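What follows is a single structure, written as structure tokens, with notes after it.
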Amino acid sequence: MARFQVGDRIGPLVKPPVTKTQLVMYSGASGDFNPIHTVEEFAVQAGLGGVIAHGMLTMAFVGQMLTETIGDEGALEKFGVRFIDMVRPGDVITCEGEVKAVEEAGGWQTVECDIWATKSSGGNRVVAGQARFRVPV
Amino acid sequence: MDLAYFQQFIGKSSKPVKNEVEKGAIRKFAQAIGDPNPLYRDEEAASQSRFGRLVAPPTFSRTFDYGAIEGLEFPHAGLIHGEQSFEYVKPLLAGDVVYCTTTLVDAFEKHGKLGRMIFLVFEQRVMDEAGDLVQKARSVVIYRGQEGGA
Numbered sequence: 000m001a002r003f004q005v006g007d008r009i010g011p012l013v014k015p016p017v018t019k020t021q022l023v024m025y026s027g028a029s030g031d032f033n034p035i036h037t038v039e040e041f042a043v044q045a046g047l048g049g050v051i052a053h054g055m056l057t058m059a060f061v062g063q064m065l066t067e068t069i070g071d072e073g074a075l076e077k078f079g080v081r082f083i084d085m086v087r088p089g090d091v092i093t094c095e096g097e098v099k100a101v102e103e104a105g106g107w108q109t110v111e112c113d114i115w116a117t118k119s120s121g122g123n124r125v126v127a128g129q130a131r132f133r134v135p136v
Numbered sequence: 000m001d002l003a004y005f006q007q008f009i010g011k012s013s014k015p016v017k018n019e020v021e022k023g024a025i026r027k028f029a030q031a032i033g034d035p036n037p038l039y040r041d042e043e044a045a046s047q048s049r050f051g052r053l054v055a056p057p058t059f060s061r062t063f064d065y066g067a068i069e070g071l072e073f074p075h076a077g078l079i080h081g082e083q084s085f086e087y088v089k090p091l092l093a094g095d096v097v098y099c100t101t102t103l104v105d106a107f108e109k110h111g112k113l114g115r116m117i118f119l120v121f122e123q124r125v126m127d128e129a130g131d132l133v134q135k136a137r138s139v140v141i142y143r144g145q146e147g148g149a
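So the sequences go chain by chain: A and B. Oh and the first sequence: position 52 is 51 in numbering that gives the first Met the number 0, straight run, nothing missing. Oh and the second sequence: position 126 is 125 in numbering that gives the first Met the number 0, straight run, nothing missing.
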């Protein structure tokens, strides 16, 4: 496996547009039935202008980018994000990251990285955070 | 509900709740997030991996029941999820039986452009049947009283 180096970019993982059906599926799969994610009228009344995606759905997209980067032999050790902006149906989410620190010992690399996701509408970050993982050298 | 109400629960935990990691639940979760990783879906592929069984995606543990902190009651409809983080100690695999708890570790107030906001910091722990830590999570949720929110 190629060694990670400080400054390496991770991703991008470009997800298909978020759909209302996906928000219903994620509600069912996660048990988070907050109606702001699925019921248009409720979301409008709550002042959101329509349904918004679960923050945890966007975080799961970033998780996919990380596991695809790490591979089956590596392991994710830490993964955290702040939720910055709302994601709506139709948004295309792009997940990316950058390696900030690498340590090598005992046949393993431990990699610290910044991670984030942006949305197509506006391009600003919707989540941002850090992750740490290890991979065999 | 003011800050003092929440602060009296700092350090309090829920009783451990038994959760089973079901392979159907992993598949549905993987399908919902659109992650094609065979380790989440294909038992044959998973059995040939170092895990031997279907694997749960990194954020899957959010689906567990962590129980409730006795006496702590507030409306969840308008809550904003501010931050989420996970620390992974052991892999979480289909068929695992785990015991989950949540603890309120901090509560503080900030005044922002949305007005008064109460930040609640919860720590969730997932333990295996031997009592060993599988993973730990931290959630920051923002409470804004009766107003709507994300």
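Ideal placement from N, C-alpha and C gives every residue a C-beta, glycine not left out. Since the model is a prediction, treat every value here as computed from it, not as a measurement.
| request: Could you work out which residues of chain A lie near Leu38 (chain B), taking near to mean beta carbons separated by less than 8 Å? | output: In chain order: Asp71.
| task | Output yes or no for whether 8 Å exceeds the beta carbon distance between Ile68 (chain B) and Ile141 (chain B). | result | no
| request: State yes or no: is the beta carbon of Phe82 (chain A) nearer than 8 Å to at least one beta carbon in chain B? | output: yes
| task | Could you check how far apart the C-beta atoms of Phe118 (chain B) and Ala106 (chain B) are, in whole angstroms? I think they sit under 8 Å. | result | Correct: roughly 7 Å between the Cβ atoms.
| said: Using 8 Å for Cβ pairs, my map puts Tyr39 (chain B) next to Arg26 (chain B). What's the rounded Cβ distance? | reply: 7 Å
| With 16 other CB atoms within 10 Å as the buried threshold, where does Leu12 (chain A) fall? | buried
| Residue-chain proximity (His110 (chain B), chain A), Cβ-Cβ < 8 Å | no
| field | Three-state class that DSSP yields for Glu146 (chain B) in the structure shown | value | Note that Glu146 (chain B) scores 48 on pLDDT, short of 50, meaning its location in the model is unreliable and no value can be drawn from it.
| field | Three-state class that DSSP yields for Glu39 (chain A) in the structure shown | value | helix
| Environment of Val125 (chain B) [buried if 16+ CB atoms lie within 10 Å] | buried
| Mind listing which residues of the segment 111-122 of chain A have their C-beta closer than 9 Å to chain B's C-betas, in chain order? | none
| Distance, Cα to Cα, Thr18 (chain A) vs Gly106 (chain A)? | 43 Å
| Where Glu76 (chain A) meets chain B, residues with beta-carbon distance less than 8 Å | Glu86, Tyr87
| request: Report the three-state DSSP secondary structure of Gly43 (chain B) (helix, strand or coil). | output: Note on identity: in this sequence residue 43 (chain B) is Glu, with Gly being the wrong assignment. Here Glu43 (chain B) carries a helix assignment [DSSP, helix/strand/coil].
| Nearest neighbour of Phe132 (chain A), chosen from A:Met58, A:Thr109, A:Gly121, A:Glu97 [CA to CA] | A:Thr109
| field | Close beta carbons around Phe78 (chain A), own chain, < 6 Å, minus the five adjacent residues each side | value | Ala130
| request: Please compile the residues from chain B whose C-beta is within a distance smaller than 9 Å of the C-beta of Gly30 (chain A). | output: Arg61, Thr62, Phe63, Asp64
| message | Pull the bridge partners of Lys118 (chain A) from the DSSP assignment, please. | response | According to DSSP, Lys118 (chain A) bridges with A:Ile92.
| task | Return the chain-ordered list of same chain residues with a C-beta closer than 8 Å to the C-beta of Leu92 (chain B), the five sequence neighbours on each side being excluded. | result | Val20, Phe50, Gly51, Arg52, Leu53, Val54, Ala55
| query | Exposed or buried, what is Ser61 (chain B) when buried is set at 16 or more other beta-carbons lying within 10 Å of its beta-carbon? | reply | Here residue 61 (chain B) turns out to be Arg, not Ser, going by the sequence shown. It is buried - the Cβ of Arg61 (chain B) has at least 16 other Cβ atoms within 10 Å.
| said: Just to confirm, is the Cβ distance from Met24 (chain A) to Gln30 (chain B) under 8 Å? | reply: yes
| said: If you measure between the beta carbons of Val61 (chain A) and Cys94 (chain A), is that distance less than 8 Å? | reply: yes
| request: Can you say whether Thr20 (chain A) is buried or exposed, counting buried as having 16 or more other CB atoms within 10 angstroms of its CB? | output: Counting Cβ neighbours within 10 Å, Thr20 (chain A) comes out exposed, since fewer than 16 surround it.
| query | In its own chain, which residues sit with a C-beta less than 8 Å from the C-beta of Val16 (chain B), not counting the 5 before and 5 after it? | reply | Here the set comprises Phe63, Asp64, Tyr65, Gly66, Tyr98, Cys99, Thr100.
| said: I want to verify the contact list: residues of chain A whose CB lies under 8 Å from the CB of Arg49 (chain B), in sequence order. | reply: Near Arg49 (chain B) (Cβ distances below 8 Å), the residues of chain A are Asp71, Glu72.
| Of all the options A:Ala52, A:Leu56, A:Ile51, which has the alpha carbon lying nearest to the alpha carbon of Gly33 (chain B)? | A:Leu56
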